[in-house]
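Reviewing the structure listed below.
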């Protein structure tokens, strides 16, 4: 039976229409939209009016896609922007009234669980790995091995939060990067002092863009884990950190929704790689929505 899951993220709404066949997930249709639900509000604990309207319009379009596919079983999962917003429950209520879609606002713990379940569909963890899922409002880290999850944490360290904290600056300065260094040191160091891995598994999102920049081909059709070679990856990371907004606008392999905030994601990935001494990096096309599908 076909079902639909919607990952209602701080920056991006992701739709998955699929079905299970002999224990295998068939992704029949996927869509993503840059909604920016957390813009102009997440650091104040609210969903701003313009973002509210963009969110409802996106859900209406996703509902239309589901109708086209003959899907009536639709569920949405709200993450950092909704769970930190004072008016998050009101958004869920209006979304239900206008679209019929039931949205559950999930905790960071549940979000981490879904991300792990999604990645596990493609990565067997015979070699332990640290999953990293960079979001607009939060970033999740899940350390797992063949016996399952060893530890998982969700941090309110997302690229949209940081982008707005830095004054929506599209051209980051040395001072901005010093701020980010201190920000990551203060909020993330304790977790990584206690949890180590030589393998980093990037759950979709920004890691897909790095794949496309390195290999100069689109990642969207992949249903398998792919390696990101370290030297080319670090070259792209350094390029992004030094890049101007005009450079990113002219780069065809950076999709429009990531042209503003990707340097922040790049710097965070660099920080994690250096902190853990990462030797292997992979990108996984599956994440929250695939893991939530299992529920």
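In the numbering used here, the protein residues as written are 64 to 358.
Glycine included, every Cβ here is placed at the ideal spot set by N, Cα and C.
None of these values were measured; they are calculated from a predicted model.
Who does residue 88 pair with in a DSSP beta bridge?
83, per the DSSP bridge assignment.
Give every residue of the same chain whose Cβ lies closer than 6 Å to the Cβ of residue 343, excluding the five residues on either side of it in the sequence, and list them in chain order.
Cβ within range, chain order: 262.
If you drop the 5 nearest sequence neighbours on each side, which residues of the same chain put their C-beta closer than 8 Å to that of residue 296?
Contacts found: 273, 277 and 344.
Quick one: give me the first and last residue of the beta strand (DSSP E) that residue 205 is part of.
Taken as a continuous stretch (DSSP letters only), the beta strand (DSSP E) holding residue 205 covers 202-208.
Which same chain residues, not among the five before or five after residue 94, have their C-beta less than 7 Å away from its C-beta?
Excluding residues within five positions, the ones whose Cβ falls inside 7 Å are 78, 125 and 128.
Within 8 Å, do at least three Cβ pairs link the segment 302-309 to the segment 221-230?
Judged by Cβ distances under 8 Å, the segment 221-230 makes no contact with the segment 302-309, as fewer than three pairs qualify.
Going along the chain, which residues of its own chain have a beta-carbon closer than 8 Å to the beta-carbon of residue 148, five neighbours each way excluded?
So the list reads 104, 105, 108, 109, 110 and 154, once near-sequence residues are dropped.
May I ask you to list the residues that DSSP assigns as paired with residue 347?
In DSSP, residue 347 forms a bridge with 266.
Run through DSSP, which three-state label would residue 327 get?
Reduced to three states, the DSSP call for residue 327 is helix.
Have a look at residue 246 and residue 253 and give me their C-alpha separation to the nearest angstrom.
Near 12 Å, if we compare the C-alpha coordinates of residue 253 and residue 246.
With DSSP run on the structure shown, which of helix, strand or coil describes residue 111?
Coil.
Quick check on the DSSP output: the alpha helix (DSSP H) that includes residue 227 runs from which residue to which?
Residue 227 -> alpha helix (DSSP H) spans 222-228.
Whose CA, out of 310, 162, 332 and 72, lies closest to the CA of residue 293?
Among 310, 162, 332 and 72, the Cα nearest to that of residue 293 is on 332.
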